[in-house]
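*Asks:*
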Amino acid sequence: MNLLRLAAQLTRRDLRSGEVRVLVLALAVAVAAVSGVGFLTSRVDAAMQRQAAELLAADVAIESPNALPADWDGQAERDDLLSARLVNFPSVVFQDGRSQLVQVKAVTEAYPLRGVLRYANEVEGQERVADAAPAAGEVWVERRLLESVGLKVGDSLPLGRSTLTITRVLRYEPDRGADLFQIAPRVLMAWVDLDATGLITPFSRARYRFLAAGAPGAIQSFRAHVSDRLQAGQRLLGIEDARPEFRSALERAQRFLGLAALGAVLLAGAAVALAAHRYRQQQTDMAALMRCFGTAQNRILSLYLLRLLGIGGISVLIGLCLAWLAQAGLGRVLAELFASELPPPSWRGAGIGVLTAMVTLAGFALPSVWRLRAVSPLRVLRRDLGAPSASTWVLLLSAAVALILLVRWQAGDWQLAGYALMGLLGMTVAFSVVAWTVLSLGRGWSVRAGSLRPWALRFGLGALQRRRGLAVLQIGAFATGMAVILLLAVVRVDLLAAWQDTVAKDAPNQFLINVQPDEVAPLRALLMQRGVAEPRFYPMVRARLTHLNGTPIDEITFADERGERFAHRDHNLSQSAQLPRANRLLAGWWWGADATDNEVSLEQRFARSLGLGLGDTLRFDIAGSPLEARVMSLREVDWDSFQVNFFVLMNPAALVDQPATWVTSFHLPDADHRTIPELNRRFPTVNAIDVGALIEQVRTLIDRAALAVEGVFGFTLIAALVVFLAAFQAERAERAREVALLRSFGASRSQVRRAALVEFVLIGGLSGLLASVAAWGAGWLLAERVFNLDYAFHPGTWVLAPALGATLLSMTGLLNVRRVLAEPPLQGLQRD
Numbered sequence: 001m002n003l004l005r006l007a008a009q010l011t012r013r014d015l016r017s018g019e020v021r022v023l024v025l026a027l028a029v030a031v032a033a034v035s036g037v038g039f040l041t042s043r044v045d046a047a048m049q050r051q052a053a054e055l056l057a058a059d060v061a062i063e064s065p066n067a068l069p070a071d072w073d074g075q076a077e078r079d080d081l082l083s084a085r086l087v088n089f090p091s092v093v094f095q096d097g098r099s100q101l102v103q104v105k106a107v108t109e110a111y112p113l114r115g116v117l118r119y120a121n122e123v124e125g126q127e128r129v130a131d132a133a134p135a136a137g138e139v140w141v142e143r144r145l146l147e148s149v150g151l152k153v154g155d156s157l158p159l160g161r162s163t164l165t166i167t168r169v170l171r172y173e174p175d176r177g178a179d180l181f182q183i184a185p186r187v188l189m190a191w192v193d194l195d196a197t198g199l200i201t202p203f204s205r206a207r208y209r210f211l212a213a214g215a216p217g218a219i220q221s222f223r224a225h226v227s228d229r230l231q232a233g234q235r236l237l238g239i240e241d242a243r244p245e246f247r248s249a250l251e252r253a254q255r256f257l258g259l260a261a262l263g264a265v266l267l268a269g270a271a272v273a274l275a276a277h278r279y280r281q282q283q284t285d286m287a288a289l290m291r292c293f294g295t296a297q298n299r300i301l302s303l304y305l306l307r308l309l310g311i312g313g314i315s316v317l318i319g320l321c322l323a324w325l326a327q328a329g330l331g332r333v334l335a336e337l338f339a340s341e342l343p344p345p346s347w348r349g350a351g352i353g354v355l356t357a358m359v360t361l362a363g364f365a366l367p368s369v370w371r372l373r374a375v376s377p378l379r380v381l382r383r384d385l386g387a388p389s390a391s392t393w394v395l396l397l398s399a400a401v402a403l404i405l406l407v408r409w410q411a412g413d414w415q416l417a418g419y420a421l422m423g424l425l426g427m428t429v430a431f432s433v434v435a436w437t438v439l440s441l442g443r444g445w446s447v448r449a450g451s452l453r454p455w456a457l458r459f460g461l462g463a464l465q466r467r468r469g470l471a472v473l474q475i476g477a478f479a480t481g482m483a484v485i486l487l488l489a490v491v492r493v494d495l496l497a498a499w500q501d502t503v504a505k506d507a508p509n510q511f512l513i514n515v516q517p518d519e520v521a522p523l524r525a526l527l528m529q530r531g532v533a534e535p536r537f538y539p540m541v542r543a544r545l546t547h548l549n550g551t552p553i554d555e556i557t558f559a560d561e562r563g564e565r566f567a568h569r570d571h572n573l574s575q576s577a578q579l580p581r582a583n584r585l586l587a588g589w590w591w592g593a594d595a596t597d598n599e600v601s602l603e604q605r606f607a608r609s610l611g612l613g614l615g616d617t618l619r620f621d622i623a624g625s626p627l628e629a630r631v632m633s634l635r636e637v638d639w640d641s642f643q644v645n646f647f648v649l650m651n652p653a654a655l656v657d658q659p660a661t662w663v664t665s666f667h668l669p670d671a672d673h674r675t676i677p678e679l680n681r682r683f684p685t686v687n688a689i690d691v692g693a694l695i696e697q698v699r700t701l702i703d704r705a706a707l708a709v710e711g712v713f714g715f716t717l718i719a720a721l722v723v724f725l726a727a728f729q730a731e732r733a734e735r736a737r738e739v740a741l742l743r744s745f746g747a748s749r750s751q752v753r754r755a756a757l758v759e760f761v762l763i764g765g766l767s768g769l770l771a772s773v774a775a776w777g778a779g780w781l782l783a784e785r786v787f788n789l790d791y792a793f794h795p796g797t798w799v800l801a802p803a804l805g806a807t808l809l810s811m812t813g814l815l816n817v818r819r820v821l822a823e824p825p826l827q828g829l830q831r832d
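Under the numbering used here, the residues of the sequence shown are numbered 1 to 832, in order.
(1) Is Y304 helix, strand or coil by DSSP?
(2) Quick check on DSSP: helix, strand or coil for I475?
(3) CB R735 to CB V820, shorter than 8 Å?
(4) Rank G125, R114, A783, V141 by C-alpha distance to the C-alpha of D131 and give the top, closest one.
(5) In whole angstroms, what separates the C-alpha of S574 from that of M540?
(6) Buried or exposed for G765, please, with buried defined as at least 16 other CB atoms from any protein chain shown within 10 angstroms of its CB.
(7) From the DSSP output, in three-state form, read off V123 for me.
(8) Select from I318, G238, P377, G746 the residue whose C-alpha is nearest the C-alpha of D285.
(9) Can you tell me which of the three DSSP states H571 falls into?
(10) From A7 to R467, what does the alpha carbon distance come to, in whole angstroms?
(11) Helix, strand or coil for F760, going by three-state DSSP, please let me know.
(12) Can you tell me the Cβ-Cβ gap for A110 and Y208, rounded? I've got them flagged as a contact below 8 Å.
(13) Could you tell me the alpha carbon to alpha carbon distance between D518 and I622, rounded to whole angstroms?
(14) How far does the alpha helix (DSSP H) with I352 in it reach, from first residue to last?
(15) Which two residues bound the contiguous beta strand (DSSP E) that contains D690?
(16) In chain order, what residues of the same chain lie with their CB nearer than 6 Å to the CB of N88, ignoring the 5 residues before and after it?
(17) Under 8 Å: do the region 682 to 690 and the region 542 to 553 share three or more Cβ pairs, one atom per stretch?
(18) Report yes if the C-beta distance between A357 and A726 is below 8 Å; otherwise report no.
(19) If we count Cβ pairs, one from each stretch, closer than 8 Å, do we get three or more for the region 212 to 224 versus the region 166 to 173?
(20) T675 to R530, Cα distance in whole Å?
(21) Alpha carbon to alpha carbon, how far is L23 from L15? Give it in angstroms, no decimals.
(22) In or out: L317 buried (at least 16 other Cβ within 10 Å) or exposed?
(23) If you check the beta carbons only, do G588 and S633 fall under 8 Å apart?
(24) Based on the DSSP output, what are the partners of E738 in its beta bridges?
(25) Following a CB-centred definition, is T551 positioned closer than 7 Å to any heavy atom of the ligand SAH?
(26) Between S748, P535, A270, C292, which lies nearest to L25 when the distance is taken from Cα to Cα?
(27) Could you spell out where the beta strand (DSSP E) holding V375 opens and where it closes?
(28) Do you know offhand how far V29's Cα is from R605's?
(29) Is DSSP giving S833 helix, strand or coil here?
(30) Give the C-beta separation of N651 and E599 to the nearest angstrom, bearing in mind that I take them to be a contact with Cβ-Cβ under 8 Å.
(31) Which two residues bound the contiguous alpha helix (DSSP H) that contains W589?
(32) How many whole angstroms separate the CB atoms of L610 and F537, which I take to be in contact at a CB cut-off of 8 Å?
(33) Taking the continuous alpha helix (DSSP H) assigned at H225, which residues delimit it?
(34) Which word fits R682, buried or exposed, when buried means at least 16 other C-beta atoms lie within 10 angstroms of its C-beta?
(35) DSSP on N846, reduced to helix/strand/coil?
(36) For the beta strand (DSSP E) containing N88, list its first residue and its last residue.
Here it is, written out as structure tokens:
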């Protein structure tokens, strides 16, 4: 008979058997979990990337001190992209003898391409979402400007040679967070009115931006086209160039999603391993019969490989269908939370699902099939003969390498993948050793329990000793599954809560800059009078980096674009006698209070981008005067704190007598509308910057990422349940024979159930205890080493996990025992 036709017929027959159905179910759930996670995370990740793009009001932007080429609009249109232009520049508004520095932004009609503008019709009016940018002849202004010069909505605003009408109070711009320290109130106007104002001259301090948005592929094409045409002073901006606070939140969101997906991968592998073990046991007799009929070993191997491919193909199709339905349903829910339709899923999820199926089959089923090719024909006559234990180290090693690559792909991070694989290996070894040790120590106690009156307890303990190897396998599988579930629960509750707490409810939402030295004391007194905790002021010195280790900046080639930007931008230098509270020292040491040499501490990413380390020197130009300092330490900055943070901090002696203004930050309750106006009246040169909108953006991203992780958690739970089912199925034949013997010797159904209950409670309780220990260790490791969060494990988990394990295994196990009890004893005795 044709080998393909025979394989197809045998596969159809296999699908009618319970063992192969469990294998198909395990593999299908594995594919569904991994592909569902892939589909969902690709959609959520794209949505969060789009959310992050709001900080640019686009997917990509080009910034320049000069007007950008007019043909870029045409290039964007050819790439099927939306485009817009804007220009930012400072100006001064005069009204009834009062003046106010303002930051003017002129925008085209399509602005913003990502995000929305929000406004109010009156100072205290309800906030609304704008459906278009300001029309010709109109301006939208911030409340601060109206209060500082005594204007209201409907008044005329003189701007250069033009007079425009104030029509709305500007509440929110999506890209304002990208320019946090724009010190003046915003005036938003139409691009078409720009020329008439006469404010743009060759000497204007204007910053032009060209914005583009569209499909990822089109964006990449546009970036490639434009990057080759950038001139001096121009730079290409993406969401990775957003504020450090937002970038930090986005990176953590991606890590959380990767961790949730990784849990599904590990549980899926455990389920398939157990199902494949049972499948090999069931096929040993058939392989022996085929050998008796003279079938060649290579033909037997080819036949089983084709059958495995058939089972894998069916499982993949079922899994992909389930994954698509699951992500579609959950995607609708998340779309409402994102206030927009989620982008379509990437087919990468289907690819990783197919790869998962192939890897798990190769790693756990192929070694068993390879042994079946050499089953002795005597197996037909001698039931004690199994498949030969030929060495399969090469196959297992190749599967392990493939699994490592798969975990790396799913985790998206070598560090996270490494911790996961080390954790899995450590849990497997530890669970097996502990389970074997406990059962071995309990052997003597179970013998002494032979005189116990409770027959169920005596027999349950004895059953664990008789099936010690299988019990160790079950405890390892259950404990691993529960550990991953507990870890995901810890991530979902504890780590996510800790992450959300990184942006505190009372995080500073106001920055005060341009504070003169003689204004620091009275300003501090005013803020404390208004209930603000004593604010900390920092001097801010504008400087330009000129040399690194004595080499002029222009002669240095940096490894990446970020280093180039750091090297050629203006820097804000500051000093501090103590390490600021939102900073952590990574290398070197902090200077003493009596330090007189010029010493500097650098933020770690800043130092890495410039290729600097301890002992290196930097030279700055401050208003024409050189200042050289040596690197004494590297710092990690908590950008989520929204405290005043600096890339470059110096010791106090280094900046003595340097021209400086001062800066501080503090939290102002939303209901306080009096402090800022009073501050503006008493300190007219001090500029207040409201960053509340940016903080809200970061909190929104964190909350949505938390919801996404909770959704992904459902897939790992399904995979864990299949681990339990596969483990019970693996020992069902032996249990059926045991139950049949007990009933043949007169045991009642009730006694059998109670004995099985003791066994399940002990296995489940020990599994839960081991899982809680592993989850505690893994949770601490992830919090401290991967997510940089403070971590506290709930003590109730040490009690809840064993109770949950005992309950879950008892319910599932008794359901299987009930099915076995329904069989006649003779049928159980005839089972293989």
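In this text, a Cβ means the ideal position worked out from N, Cα and C, and glycines have one as well.
None of these values were measured; they are calculated from a predicted model.
*Replies:* Here's the rundown:
(1) helix
(2) helix
(3) Yes, these two residues count as a Cβ contact at 8 Å.
(4) R114
(5) 5 Å
(6) buried
(7) Three-state result, V123: coil.
(8) P377
(9) In the structure shown, H571 sits in a strand (DSSP, three-state: E or B).
(10) 35 Å
(11) helix
(12) Taking C-beta atoms under 8 Å as the contact rule, A110 and Y208 fail to qualify, at a distance of about 16 Å.
(13) Cα to Cα, the separation comes out at about 21 Å.
(14) 348 to 360
(15) 687 to 690
(16) Taken in chain order, the residues that qualify are K105, R207.
(17) no
(18) no
(19) no
(20) 7 Å
(21) When only Cα atoms are considered, L15 and L23 end up about 9 Å apart.
(22) exposed
(23) yes
(24) DSSP output for E738 lists no bridge partner at all.
(25) The ligand SAH is not among the ligands present in this structure, which contains no ligands whatsoever.
(26) Put simply, of S748, P535, A270, C292 the residue whose alpha carbon is nearest the alpha carbon of L25 is A270.
(27) That residue, V375, is in no beta strand (DSSP E); it is neither H nor E in DSSP.
(28) 42 Å
(29) It is not possible to answer for residue 833, since the shown part of the chain is limited to 1 through 832.
(30) Between E599 and N651 the Cβ distance is about 5 Å, and since that is below 8 Å, they are a contact.
(31) No alpha helix (DSSP H) holds W589; DSSP gives it neither H nor E.
(32) Not confirmed; about 28 Å, so no contact.
(33) For H225, the enclosing alpha helix (DSSP H) starts and ends at 216 to 227.
(34) exposed
(35) Here the chain has residues from 1 to 832 only, and residue 846 is not among them.
(36) 82 to 95
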